[in-house]
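Read top to bottom, the protein sequences are chains A and B.
For the first sequence, the residue numbers in the numbering used here are -4 to 229.
For the second sequence, the residue numbers in the numbering used here are -4 to 229.
For each residue, glycine too, the CB sits at the ideal point set by N, CA and C.
Here the structure is laid out as C-alpha cells; the discussion comes afterwards.
Protein chains: 2
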Amino acid sequence: MCDTCGCHTSGHTEAKVVEVHRSLLAANQKQADRNRRHIEAMGAVAVNMISSPGSGKTTLLEHTLDRIGSRLKIGVIEGDIETERDADRIRKKGVPVVQLTTGGACHLDAPLVHKGLHDLEHQSKDGTFDLIFIENVGNLVCPATFDLGEHERMILVSVPEGSDKPAKYPTTFVGAQTFIITKMDLLEYFDFSVDEAEREALRLNPELTILKVGATAGLGMDNWINYLQALSAR
Amino acid sequence: MCDTCGCHTSGHTEAKVVEVHRSLLAANQKQADRNRRHIEAMGAVAVNMISSPGSGKTTLLEHTLDRIGSRLKIGVIEGDIETERDADRIRKKGVPVVQLTTGGACHLDAPLVHKGLHDLEHQSKDGTFDLIFIENVGNLVCPATFDLGEHERMILVSVPEGSDKPAKYPTTFVGAQTFIITKMDLLEYFDFSVDEAEREALRLNPELTILKVGATAGLGMDNWINYLQALSAR
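Here it is in C-alpha cells:
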C-alpha cells in the first residue's frame, strides 16, 4: 500500500485475466492446428511474417512476387488494424490476396486467418497454392503468442530499428524458425551491428536460420528466393 | 461451421475476455489518476512516449538530456520487456532513471509506473522533478489503451517506418497530444511523405501538435527543447 497514491495491486483481477487468457490461447491453438491441416489440404506451406511496423514486410513481398510470382502459386493474407493499403499493393502483382483487419487488435489470430484461407481459396482457380504468406499486424510482441497454423514463423528486423532488438524482444525470437534482417542496403547510415543481432538471436534460439536482404537494392534476394523455393517443396 | 476445418467461433470466451479486459482497464485508470496526482505532488509534468521498436525514443532522450539535463530536473522511466540497456544509456547522462521490465507484457501499465515513480523519487535529493519521461515498451498498438498518469502522450514515428503509419494505427494517434516524426535527417534515403504523415495524423486528431526532429544531426532540436520547456512550466 502506497501512502502517496493509496494504491494496492489487484490480485483477483490478475488471476481472472490469466485464466481467461489461457482458455483463449487454448481455443486459438485448436483452430491453428485445423488451419495447418487446411493449408496442407490446399497443397501449401504457410509462412507467418512478424515484425515491427515499417520494417519492410510488404516491400519484401512485392519484390518476392516479382521474382517468383509466375513460377510458384502464391497467396497472401495481409493483417492490419485498419486500411486495405497493403492488400492493394500486393494485388497489383496479380496474385490472390486477402486483407484481414483486426479492428483494433494487435495481432492476427487463428480464427481470423481461417476466414482468410477460405477467401483466398475462392480466388484460386483450383483452390491450391504452393506458398501462402501471412503478413501479421506490425508488432514485435503480441503476434508471437498466437499460432496461426503456419509452418514457418519469420521475424523481420530492419537495419534502422537497431541491432539490440533480439535481446529486447526475446520471446518473439524463441518461437521463430527464421530471422530476416531487412534494409541491409542502408547499413552504412545506421549504427547497426549485424554481428550483435545475429549473436543475440542465436543465443536465444540456436536453430534460427538467418537471412539478410535489401529488397529494393536486390541485396541477398537470390538466397532468399532459393530458401523460399526449398520451403515450398517441403 | 467450416467443413474443411470444423471450426466455430467461441462467443462465450470472447464475452468473458471483454468483461475481464474492462475491469482490468478500470483498475488501470484508477491507478493512472493516482499516478497523475503523485507526479503533480512531485512538482512534475509527465510525458508518455509511444512508438514502434527502434524509432529513436532513447536516442532522442539522450540528445534532449545533453541540451536541458542541467537546466531542468529530469527523471526517466524506461519500459522494456527485458534488459536494462535503455536505462544504462540514460544513466550515463547523470539523471535519475528507473528501468521497468514487463517480463513479456507488450505495454507499461499504471501500477508498474507507480512503482517506478517511487524508485525515481528515491534517486532525487528533494523528491521533486520538472519533467518525467516515461519511455513505453516499443509497440505502436497496445500502449495506447493504458493511461499511465501522464500529462502528455507523444507518438513517435521514424522516417524509415513509412508515412502510412498514422492511417494504419489510428487509435494510437487519436489518444495523443503530440506527434513527433524522428530521423528527419534520413528523409532523402526513404520514400516518406511528410505531407501524407501530417495530413493523416491531423485527420485522425486535429488537435495534435506535430514536431519534426533528427536528433543525431541536431535537426529541429531547438523547437523540441522550447516545446519541452513550455510543457514543464505548465
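It is roughly 8 angstroms from the alpha-carbon of residue 145/A to the alpha-carbon of residue 129/A. The stretch 184 to 200 of chain B makes contact with the stretch 151 to 158 of chain B, as at least three CB pairs between them are under 8 angstroms.
One finds nothing in chain B with a Cβ atom closer than 7 angstroms to the Cβ of residue 67/A; even the nearest lies about 22 angstroms away.
Under the 10 Å beta carbon count, residue 93/B is surrounded by 16 or more other beta carbons and is classified as buried. Residues of the stretch 70 to 101 of chain A with a C-beta less than 7 angstroms from any C-beta of chain B: 75, 76, 77, 78, 80, 99, 101, listed in chain order. Using a CB distance cut-off of 8 angstroms, residue 209/B does not count as an interface residue toward chain A.
Across the structure, residue 58/A and residue 127/B are spaced so that their CA atoms are roughly 44 angstroms apart.
A straight-line Cα-Cα distance of about 26 angstroms links residue 228/B and residue 107/B. In the displayed model, residue 151/B falls within a strand according to three-state DSSP. Judged by beta-carbon spacing, residue 177/B lies beyond the 8 angstroms limit of residue 56/B, meaning their Cβ atoms are not closer than that value.
Look at the beta carbons and you see the stretch 28 to 45 of chain A touching the stretch 109 to 118 of chain A: at least three pairs across the two are nearer than 8 angstroms.
Per the DSSP secondary-structure output, residue 173/B pairs in a beta bridge with 149/B, 204/B. Looking at 181/A, 149/A, 125/A, the one whose alpha-carbon comes closest to that of residue 39/A is 125/A.
As summarised for the stretch 67 to 102 of chain B, the continuous alpha helix (DSSP H) elements at least 4 residues long and confined to that stretch are 80 to 86, given in chain order. The C-beta of residue 21/A has fewer than 16 other C-beta atoms within 10 Å across all chains shown, which makes the residue exposed. In terms of CA proximity to residue 65/B, 88/B leads the group 213/B, 77/B, 83/B, 88/B. In the structure shown, residue 214/B adopts extended strand secondary structure according to DSSP, grouped into three states.
DSSP, read as helix, strand or coil, puts residue 122/A in coil. For residue 131/B, the three-state secondary structure derived from DSSP is coil. Between the alpha carbons of residue 26/A and residue 86/B lies a distance of about 46 angstroms. In chain order, 150, 196, 203, 205 place their CB closer than 6 angstroms to the CB of residue 174/B, counting only its own chain and leaving out the 5 sequence neighbours on each side. If the five residues before and after residue 214/A are omitted, its C-beta is found closer than 8 angstroms to the C-beta atoms of 179, 180, 207, 208, all from its own chain and listed in chain order.
At a cut-off of 8 angstroms between beta-carbon atoms, residue 177/B makes no contact with chain A. Judged by DSSP secondary structure, residue 189/B falls within the alpha helix (DSSP H) whose first and last residues are 189 to 199. Cβ neighbours of residue 45/A within its own chain (closer than 6 angstroms, five residues either side excluded): 131, 138, 150. Secondary structure note for residue 41/B: its beta strand (DSSP E) is the uninterrupted segment 40 to 46. With a beta-carbon spacing of about 6 angstroms, residue 148/B and residue 170/B fall inside the 8 angstroms limit used to define contacts. Beta-bridge pairing by DSSP links residue 209/B to 214/B. Taking the Cα of residue 51/A as reference, the smallest distance to any Cα among 77/A, 153/A, 17/A, 103/A is reached at 153/A.
For the pair residue 183/B and residue 189/B, the Cα-to-Cα distance works out to about 12 angstroms.
Contact note: residue 134/A reaches chain B through 47, 101, 134, 135, 136, 137, using a C-beta cutoff of 9 angstroms and chain order. About 5 angstroms separates the beta carbon of residue 48/B from that of residue 135/A, a gap short enough to meet the 8 angstroms contact definition.
Interface flag for residue 15/B against chain A is set, since a Cβ pair is found closer than 8 angstroms. In this structure, residue 77/A places its C-beta atom within 8 angstroms of the C-beta atom of residue 96/A.
Residues of the stretch 141 to 160 of chain A with a C-beta less than 7 angstroms from any C-beta of chain B: 153, 155, 156, 157, 159, 160, listed in chain order.
In the three-state reduction of the DSSP assignment, residue 65/B falls in the coil class, being assigned neither a helical nor a strand state.
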